[in-house]
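Asks: Numbered according to my numbering, the sequence shown spans residues 287 to 688.
Following this message is one structure expressed as structure tokens.
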Amino acid sequence: MAYNGAENMSAPNLALDSQAHRPPVRSIIDRAMAGVPLGAQEAVALIECDDLGLLLDAAGELRDRVKGRDVTYSPKVFLPVTNLCRDRCTYCTFRKDPWDPEAWTMMPHEIIDWSRRGRALGCREALMCLGDKPEVAFREYRQTLQSLGVRSTIEYVQQACALALAEGLLPHTNAGVMSYAEMGRLRPVNASMGLMLEDISTRLRKRGGAHQWAPDKEPARRMRMLEEAGQLKIPFTSGILLGIGETSAERALSLIALRDVHRRYGHIQEVIIQNFRAKPNIPMADAPEPDQIEMARAIATARLVLGSEMNVQAPPNLSPNDIELFLRAGLNDWGGIAPLTRDYVNPEAPWPHVEQLGERCARAGFRLHQRLPVYREYINDEWIDPVLLPAVKQAAADLKTA
Ligand code: SF4
Numbered sequence: 287m288a289y290n291g292a293e294n295m296s297a298p299n300l301a302l303d304s305q306a307h308r309p310p311v312r313s314i315i316d317r318a319m320a321g322v323p324l325g326a327q328e329a330v331a332l333i334e335c336d337d338l339g340l341l342l343d344a345a346g347e348l349r350d351r352v353k354g355r356d357v358t359y360s361p362k363v364f365l366p367v368t369n370l371c372r373d374r375c376t377y378c379t380f381r382k383d384p385w386d387p388e389a390w391t392m393m394p395h396e397i398i399d400w401s402r403r404g405r406a407l408g409c410r411e412a413l414m415c416l417g418d419k420p421e422v423a424f425r426e427y428r429q430t431l432q433s434l435g436v437r438s439t440i441e442y443v444q445q446a447c448a449l450a451l452a453e454g455l456l457p458h459t460n461a462g463v464m465s466y467a468e469m470g471r472l473r474p475v476n477a478s479m480g481l482m483l484e485d486i487s488t489r490l491r492k493r494g495g496a497h498q499w500a501p502d503k504e505p506a507r508r509m510r511m512l513e514e515a516g517q518l519k520i521p522f523t524s525g526i527l528l529g530i531g532e533t534s535a536e537r538a539l540s541l542i543a544l545r546d547v548h549r550r551y552g553h554i555q556e557v558i559i560q561n562f563r564a565k566p567n568i569p570m571a572d573a574p575e576p577d578q579i580e581m582a583r584a585i586a587t588a589r590l591v592l593g594s595e596m597n598v599q600a601p602p603n604l605s606p607n608d609i610e611l612f613l614r615a616g617l618n619d620w621g622g623i624a625p626l627t628r629d630y631v632n633p634e635a636p637w638p639h640v641e642q643l644g645e646r647c648a649r650a651g652f653r654l655h656q657r658l659p660v661y662r663e664y665i666n667d668e669w670i671d672p673v674l675l676p677a678v679k680q681a682a683a684d685l686k687t688a
């Protein structure tokens, strides 16, 4: 499949990146509010601007124009199909080697059991979250796949999605970098799929960088997958990860890259602004976490770069003290919240109780609603496989009457 975007995306021009060449922030905000697509330098100027109040208020106003005061979340079951992964990101506690006592691959009966229990608790999303290409790295895992009667992780995920669907959940798969053919294979059993861009900077892949040992974190590979997901008409979730060694300018450029691929295909249904959380036992244990102001800047810049229609999300369990600030910064979604399963990627951070989150939203002037893992505007035969569409429409109808 031809791809002609990666070269442009990995090297946005920062040659003019000096305060002297930047237009005043007020005029950049006026252009964003008028729906004019911002340039890379303008996005950098926004995320680094001195007037935080101006930035946040503009982003909140732009959100209100389309989203109003409605914020959403997706009740989900987190199904970590396998925590084996061929990559080694220096901030990750999720991945394990096969010989680690905490390594696992979920068996079909576990997928069914967790899905059934989640559905009974009101969940609608089955988040299939797993490591990247473990069969490439581990002979033991290849044997596991063989014993399951499949040839690849993606083939197994396809089966897992079918099992979750049969239990009344709508799958959303995040299996790392997938090929065009792999995504095509999963499309009939997924309401949406996802891949965090994390960051567009190739610096992070260099010696000492967070992604030095993670070939699947090469930005061009990830942008290619985002491009191909658009060609396949898959409602898609992506986002950026703050605090892994990137600069604030690189955060802004990553948002521009996401905006540009979305302009070509219209498939990015939500953009997550996620913060790195330090944990013991990882190489980045002592790295500073991004503070709430950095997060608010990124959320507001995302809103102004991506526009009033985009769903902008931050995980509430990673910033439990900043709910009101993030709402002010233009966010309109809290992502998946799991009543049954923990956050396997950030196990130290419990999900908030939905009632408490709803109360805090209400006190800030917002109404909290449930949503599906695919947003309303994508529930049609252009974006959802015809085999799956009746189940998605039924779930949307159930949601309306709930
Ligand atoms: S963050 Fe994802 S790709 Fe990186 S090591 Fe962890 S599971 Fe693998």
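Virtual Cβ for every residue (Gly too), placed ideally from N, Cα, C.
#1: Could you spell out where the beta strand (DSSP E) holding ILE554 opens and where it closes?
#2: Please give the ranges of any alpha helix (DSSP H) in the stretch 316 to 349, keeping only runs that are unbroken, at least 4 residues long and fully inside the region.
#3: By the DSSP assignment, the alpha helix (DSSP H) with ARG508 in it spans what residues?
#4: Among VAL640, GLN517 and PRO574, which one has its Cα closest to the Cα of ASN603?
#5: Which residues have their C-beta within less than 6 angstroms of a heavy atom of the ligand SF4, listed in chain order?
#6: From the DSSP secondary-structure annotation, give me the bridge partner or partners of ASP619.
#7: Determine the extent of the beta strand (DSSP E) in which ARG653 is found, giving its start and end residues.
#8: Enumerate in chain order the residues of its own chain whose CB-to-CB distance from LYS353 is below 6 angstroms, with the five nearest sequence positions on each side excluded.
#9: Taking the C-alpha atoms as reference points, what is the distance between GLY435 and PRO672?
#10: Relative to the C-alpha of ALA320, which residue among ARG614, ALA688, VAL591 and ALA600 is closest?
#11: Take the Cβ of ALA450 as the centre, count every other Cβ of all protein chains shown within 10 Å, and call the residue buried at 16 or more, exposed below.
#12: Report the three-state DSSP secondary structure of ILE486 (helix, strand or coil).
#13: Of the residues ILE670, GLY621 and ARG589, which one's Cα is nearest the Cα of ILE333?
#14: Excluding sequence positions up to five away, which residues of its chain have a Cβ less than 7 angstroms from the Cβ of HIS497?
#15: Pull the bridge partners of GLY644 from the DSSP assignment, please.
#16: Ignore the nearest five residues each way along the sequence and tell me which others in ALA571's own chain have a CB closer than 8 angstroms to its CB.
#17: Answer with buried or exposed for TRP385, where buried requires no fewer than 16 other C-beta atoms within 10 angstroms of its C-beta.
#18: Can the beta-carbon of LEU365 be found closer than 8 angstroms to that of ILE398?
#19: How would you write the range of the alpha helix (DSSP H) that THR391 sits in, first residue to last?
#20: Ends of the alpha helix (DSSP H) at THR439?
#21: Just to confirm my understanding: we take PRO606, look at its own chain, exclude 5 residues before and 5 after, and list those with CB closer than 7 angstroms. What are they?
#22: Is MET509 closer than 8 angstroms to ALA543 when the C-beta atoms are compared?
#23: With a Cβ-Cβ cutoff of 8 angstroms, do ASP418 and ARG471 count as a contact?
#24: Would you mind working out which of VAL660, ASN476, ARG657 and GLU610 sits nearest ASN642, comparing C-alpha positions?
#25: Look at the alpha carbon of MET414 and the alpha carbon of THR459, and state the distance between them as a whole number of angstroms.
#26: Who pairs with VAL673 in a beta bridge, going by DSSP?
#27: Less than 8 angstroms between the CB atoms is what I'm expecting for LEU456 and PRO601, so what's the real figure, rounded?
#28: With the cut-off set at 8 angstroms, would you say TYR446 and VAL367 are in Cβ contact?
#29: Following the continuous alpha helix (DSSP H) through LEU528, name the residue where it begins and the one where it ends.
#30: Using a 10 Å radius around the Cβ and a threshold of 16 neighbouring Cβ atoms, would you call GLU421 buried or exposed?
#31: Quick check on PRO394: buried or exposed, where buried means 16 or more other Cβ atoms within 10 Å of its Cβ?
#32: Does the pairing of the stretch 512 to 528 with the stretch 545 to 552 give three or more beta-carbon distances under 8 angstroms?
#33: Between the alpha carbons of ASN294 and GLN680, how many angstroms are there, rounded?
#34: Which same chain residues end up closer than 8 angstroms to ALA682 when comparing Cβ atoms and leaving out the 5 residues on each side of it in sequence?
Replies: Looking at the coordinates:
#1: Here residue 554 corresponds to residue number 268 of the sequence shown, with the count starting at 1. Note, ILE554: beta strand (DSSP E), 554 to 561.
#2: 326 to 333
#3: One-based indexing of the sequence shown puts residue 508 at position 222. Counting along the chain, the unbroken alpha helix (DSSP H) around ARG508 starts and ends at 505 to 517.
#4: Within the sequence shown, numbered from 1, the residue matching residue 603 stands at position 317. Looking at the Cα atoms, VAL640 is the closest of the given residues.
#5: Ordered along the chain, the selected set is CYS371, ASP373, ARG374, CYS375, CYS378, PHE380, ARG381, GLY417, ASP418, GLY462, ALA500 and ASP502.
#6: In the sequence shown, the residue the question calls residue 619 occupies position 333. Paired residues: THR358 and GLN599.
#7: Here residue 653 is taken as the residue at index 367 of the sequence shown, counted from 1. Start and end: 653 to 656.
#8: Taking the first residue of the sequence shown as 1, we reach residue 353 at position 67. Here LYS353 has ASN618 as same chain residues with Cβ atoms under 6 angstroms from its own Cβ, once five neighbours each way along the sequence are excluded.
#9: Position 149 of the sequence shown, counted from the first residue, corresponds to residue 435. Position 386 of the sequence shown, counted from the first residue, corresponds to residue 672. One C-alpha to the other measures close to 27 angstroms.
#10: Along the sequence shown, read from residue 1 onward, the residue named residue 320 stands at position 34. Among ARG614, ALA688, VAL591 and ALA600, the Cα nearest to that of ALA320 belongs to VAL591.
#11: Translated into positions along the sequence shown, residue 450 becomes position 164. So ALA450 ends up on the buried side.
#12: Translated into positions along the sequence shown, residue 486 becomes position 200. Coil, per DSSP.
#13: As a first step, residue 333 must be located in the sequence shown, where it is residue number 47. Considering only alpha carbons, the answer is ARG589.
#14: In the sequence shown, residue 497 corresponds to position 211, counting from 1. The residues are CYS375, LEU490, ARG491 and LYS503.
#15: Your numbering for residue 644 matches position 358 in the sequence shown. Looking at the DSSP assignment, GLY644 forms no beta bridge with any residue, so it has no partner.
#16: Mapped onto the sequence shown, residue 571 falls at position 285. So the list reads ALA564 and LYS565, once near-sequence residues are dropped.
#17: In the sequence shown, residue 385 corresponds to position 99, counting from 1. So TRP385 ends up on the exposed side.
#18: Here residue 365 refers to the residue found at position 79 of the sequence shown. Here residue 398 refers to the residue found at position 112 of the sequence shown. Going by C-beta atoms, LEU365 is not nearer than 8 angstroms to ILE398.
#19: Here the question's residue 391 lines up with position 105 in the sequence shown. Element bounds for THR391: n/a, residue is neither H nor E.
#20: The residue you call residue 439 lines up with position 153 of the sequence shown. Counting along the chain, the alpha helix (DSSP H) containing THR439 begins and ends at 439 to 452.
#21: As a position in the sequence shown, residue 606 is number 320, starting the count at 1. Excluding positions up to five away in sequence, the list reads PRO638.
#22: Looking up residue 543 in the sequence shown gives position 257. Looking up residue 509 in the sequence shown gives position 223. The answer is yes: Cβ separation under 8 angstroms.
#23: Translated into the one-based positions of the sequence shown, residue 418 becomes position 132. Translated into the one-based positions of the sequence shown, residue 471 becomes position 185. For ASP418 and ARG471, no; Cβs fall outside 8 angstroms.
#24: Numbered from its first residue, the sequence shown carries residue 642 at position 356. Position check: residue 642 holds Gln in this sequence, whereas Asn was assumed. Its Cα nearest to that of GLN642, the residue GLU610 stands out among VAL660, ASN476, ARG657 and GLU610.
#25: Within the sequence shown, residue 414 is the residue found at index 128, counting from 1. Within the sequence shown, residue 459 is the residue found at index 173, counting from 1. Answer to the nearest angstrom: the Cα atoms are 5 angstroms apart.
#26: Taking the sequence shown and counting its residues from 1, one reaches residue 673 at position 387. Beta-bridge pairing links VAL673 to no other residue.
#27: Working through the sequence shown from its first residue, we reach residue 456 at position 170. Working through the sequence shown from its first residue, we reach residue 601 at position 315. That pair is no contact at about 20 angstroms.
#28: As a first step, residue 446 must be located in the sequence shown, where it is residue number 160. As a first step, residue 367 must be located in the sequence shown, where it is residue number 81. A small correction: the amino acid at residue 446 is Ala; Tyr does not occupy that position in the sequence shown. Against a cut-off of 8 angstroms, the Cβ pair of VAL367 and ALA446 comes out as a contact.
#29: In the sequence shown, counting from the first residue as 1, residue 528 sits at position 242. No alpha helix (DSSP H) holds LEU528; the beta strand (DSSP E) holding it covers 522 to 528.
#30: For the purposes of this step, residue 421 is identified with residue 135 of the sequence shown, where counting begins at 1. With 16 or more other Cβ atoms inside 10 Å of its own Cβ, GLU421 counts as buried.
#31: Indexing the sequence shown from 1 puts residue 394 at position 108. Its Cβ having fewer than 16 others within 10 Å, PRO394 is exposed.
#32: yes
#33: Within the sequence shown, residue 294 is the residue found at index 8, counting from 1. Within the sequence shown, residue 680 is the residue found at index 394, counting from 1. Note that ASN294 has pLDDT 36, beneath the 50 cutoff, so the model's placement of it is unreliable and the number below is only indicative. Rounded to the nearest angstrom, the two C-alpha atoms are 41 angstroms apart.
#34: Position 396 of the sequence shown holds residue 682. Cβ neighbours of ALA682 beyond the five flanking positions: LEU658, ARG662 and ILE665.
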